[in-house]
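Residue numbers (our numbering): 0 to 219. Glycine included, every Cβ here is placed at the ideal spot set by N, Cα and C. Below is one structure, written out as structure tokens; the observations come after it.
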Ligand SMILES: CC(C)(COP(=O)(O)OP(=O)(O)OC[C@H]1O[C@@H](n2cnc3c(N)ncnc32)[C@H](O)[C@@H]1OP(=O)(O)O)[C@@H](O)C(=O)NCCC(=O)NCCS
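Pasting the structure below:
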């Protein structure tokens with residue numbers, strides 16, 4: 000039985016579940032409303048080499064097909080984030096590498112309407128605990144543009160370690176952008192990241208009635 004994927008991870012009002020084709024309408028609606036909010040942080044495709052084929056942004060269906068085939072190959076965990084039952088964002092664990100490395104990196108965004116409520120720290124904590132405890136990865140990484148203060152706060156609040164700068168690391172918003180690297184290895188969070196987040200968060204109680212804290216369900 001494969002318990003690593005597909006799974007649903009939940010803590011209180013925040014649920015991570017696999018992205019589906021039928022998310023198209025809600026996903027596009029959230030993206031349309033948040034275009035300006037997301038643009039400065041969104042990955043873009045560099046111009047093709049002279050004479051090379053033109054590259055276009057994938058459609059939603061192409062994106063989901065790609066994510067699902069990568070998930071089936073064990074290289075990606077592509078989640079959407081629900082908050083109080085509504086699709087509000089995306090979290091993807093990508094670049095999963097085994098062998099001597101056993102690592103992955105996390106990318107994410109959330110609807111501006113729910114920003115500032117701790118949705119993303121909860122989502123990242125759920126995903127990292129799943130990767131460490133169930134998938135069996137050893138190291139998790141988040142790469143963030145230095146000017147992205149809200150995203151840096153997410154990893155700071157969770158206690159990620161800052162490792163340094165990767166110059167011109169990713170093509171974001173139309174240009175090659177520097178990124179700061181933040182990482183954790185499993186030894187650094189023996190109590191689990193969600194537990195750490197609940198302990199650090201002022202006035203926080205784990206989960207809410209009716210939803211167990213940090214639960215994982217297998218999807219048939
Ligand atoms: C970065 C992001 C995922 C944070 O998610 P979140 O669920 O709002 O996270 P938090 O609730 O912990 O808030 C993080 C910080 O955002 C800022 N913030 C709070 N409310 C905000 C609001 N209404 N609007 C904008 N920023 C806000 C604060 O600096 C906060 O830090 P604090 O808790 O120390 O005050 C979200 O801002 C986002 O999706 N931004 C656009 C896409 C993006 O940057 N993706 C990450 C690329 S690396």
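Between the CA atoms of residue j and residue i - distance to the nearest angstrom
i	j	result
residue 113	residue 150	14 Å
residue 155	residue 19	31 Å
residue 38	residue 190	36 Å
residue 68	residue 117	31 Å
residue 31	residue 23	12 Å
residue 59	residue 27	8 Å
residue 85	residue 17	14 Å
residue 63	residue 50	29 Å
residue 260	residue 139	Beyond the ends of the chain as shown, which are 0 and 219, falls residue 260; an answer cannot be given.
residue 188	residue 21	36 Å
Residue i, buried or exposed, once every other Cβ within 10 Å from all chains shown has been counted against 16
i	result
residue 65	exposed
residue 77	buried
residue 211	Any answer about residue 211 is weak, because its pLDDT of 42 lies below 50 and its placement is not dependable; what the coordinates show is given next. That one is exposed.
residue 91	buried
residue 120	buried
residue 232	The structure shown does not extend to residue 232, since the chain is modelled only from 0 through 219, so no value can be given for it.
residue 209	Low confidence applies here, because residue 209 scores a pLDDT of 34, under 50, leaving its location unreliable and the question unanswered by this model.
residue 44	exposed
residue 198	exposed
residue 10	buried
residue 115	exposed
residue 108	buried
residue 179	buried
residue 6	buried
Cβ-based neighbour list, residue i, same chain, cut-off 7 Å, excluding 5 preceding and 5 following
i	result
residue 124	157, 192, 193, 196
residue 153	119, 120, 123
residue 147	40
residue 4	70, 76
residue 110	29, 33, 87, 88
residue 137	101, 102, 184, 185
residue 42	169, 170, 171
residue 54	44, 47
residue 141	104, 105, 154, 159, 181
residue 25	86
residue 207	In this prediction, residue 207 has a pLDDT of 44, which is less than 50 and means its spatial position is unreliable; nothing more can be read from the coordinates.
Start and end residues, alpha helix (DSSP H) containing residue i
i	result
residue 160	Looking at the DSSP string, residue 160 is not in any alpha helix (DSSP H); the run it does join, the beta strand (DSSP E), is 160–171.
residue 132	Unbroken run through residue 132: none, as it is neither H nor E.
residue 149	148–157
Start and end residues, beta strand (DSSP E) containing residue i
i	result
residue 140	138–143
residue 6	6–10
residue 174	174–184
Neighbourhood of residue i by C-beta, 6 Å cutoff - its chain only, sequence neighbours within 5 removed
i	result
residue 131	185
residue 8	15, 125, 129, 215
residue 74	95
Same chain, Cβ closer than 8 Å to residue i, five either side skipped, listed in chain order
i	result
residue 83	12
residue 176	144, 167, 168, 169, 170
Item to check | Sequence ranges, beta strand (DSSP E) only - wholly within the region 23–103, length at least 3 | outcome: 76–82, 85–96
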